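The structure appears right after this line, and notes come after that.
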């Protein structure tokens, strides 16, 4: 597909399936070696009980990257574990020769709750995984980006609900809105070094997260997807590839003067 990332290394969280897998494979196809990070056997999500990527999922993505002809290193880490993330970042940089690009993709969803009925444990888990996990990831990886600042860039994966909230998911909305602020703060801090940081905010995408929402809420998949489409100006499903295209561009030198941007890939959901 090209060589936009030839000679570079990308660190991708939530890489075992869904959007993270898609982003990692696209970067590999465009020349990057990839550090693949996901939970695997390193823990479990209990509030809510949430199916996460397995060791086998991660191994399968690594095999796909290697089949493309790029190097892949696998790290089974809970993003709620700062020390584990630090060890993964340090090992990835040592084994792959550094880190140039960071995709902060790991996150979870939940059942719909009114805010005043939301279990405290579910709020805490959402913030710990989706927002604090992003902070821990950046804290671990950014020092390595500073060593290769000429081409370095970061993308945080948010959600359209960070821009235009929906009811029933206040903890998810709050966590994803926090990523907007984190990305903007990093853009301001890293700008003097020439390192860019942006965030991408998709509409609902049909992934394993959608499967989890279907199972947690007990609603038909097509009903959930049609609800996504009804909120959009263009009433067509937003696909994983649409999000990956935005992520890839923002990481690339083609976006070399783009930083601090909250880019929506939402078929107009936040404008309706």
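In the numbering used here, the protein residues as written are 7 to 278. We treat Cβ as the ideally placed atom computed from N, Cα and C, and that holds for glycine. Bear in mind that the values here come from a model prediction, so they are computed numbers and not experimental data.
When rounded, the separation of the alpha-carbon atoms in residue 35 and residue 120 is 43 Å. Between residue 42 and residue 68 a beta carbon distance of about 6 Å is seen, short of the 8 Å cut, so the two are scored as contacting. Taking C-beta atoms as the reference points, residue 230 and residue 216 count as a pair closer than 8 Å. Taking the Cα of residue 73 as reference, the smallest distance to any Cα among 253, 195, 113 and 31 is reached at 31. Close CB contacts of residue 249 within its chain, under the 7 Å cut and outside five residues either way in sequence, are with 25, 206, 208, 211 and 271 (chain order). One thing to note: residue 61 has its Cβ within 8 Å of the Cβ of residue 46. When the alpha-carbon of residue 259 is set against those of 40, 219, 201 and 80, the nearest one is in 201. Just so you know, the alpha carbons of residue 220 and residue 158 end up roughly 37 Å apart. In the DSSP assignment, the residues bridged to residue 81 are 43. Note on the region 15–61: whole alpha helix (DSSP H) runs with a minimum of 4 residues are 24–35, in chain order. Checking the DSSP bridge columns, you'll see residue 202 partnered with 159. Distances from the CA of residue 237 to each of 151, 268, 131 and 276 were compared; the closest alpha carbon is that of 276.
Remark: C-beta atoms of residue 39 and residue 77 approach each other more closely than 8 Å. Distance between residue 8 and residue 254, taken at the CA atoms: about 12 Å. The C-beta distance from residue 101 to residue 134 rounds to 28 Å, too long to fall under 8 Å, and the pair is not in contact. In terms of Cα proximity to residue 146, the closest of 128, 105 and 179 is 105. Distance between residue 63 and residue 21, taken at the CA atoms: about 9 Å. With 16 or more neighbouring CB atoms inside 10 Å of its own CB, residue 178 falls in the buried class. In this structure, the alpha-carbon of residue 148 lies about 15 Å from that of residue 138. Sorting 274, 228 and 256 by C-alpha distance to the C-alpha of residue 267 places 256 at the top. For residue 187, the number of other beta carbons within 10 angstroms of its own is below 16, and it is reported as exposed.
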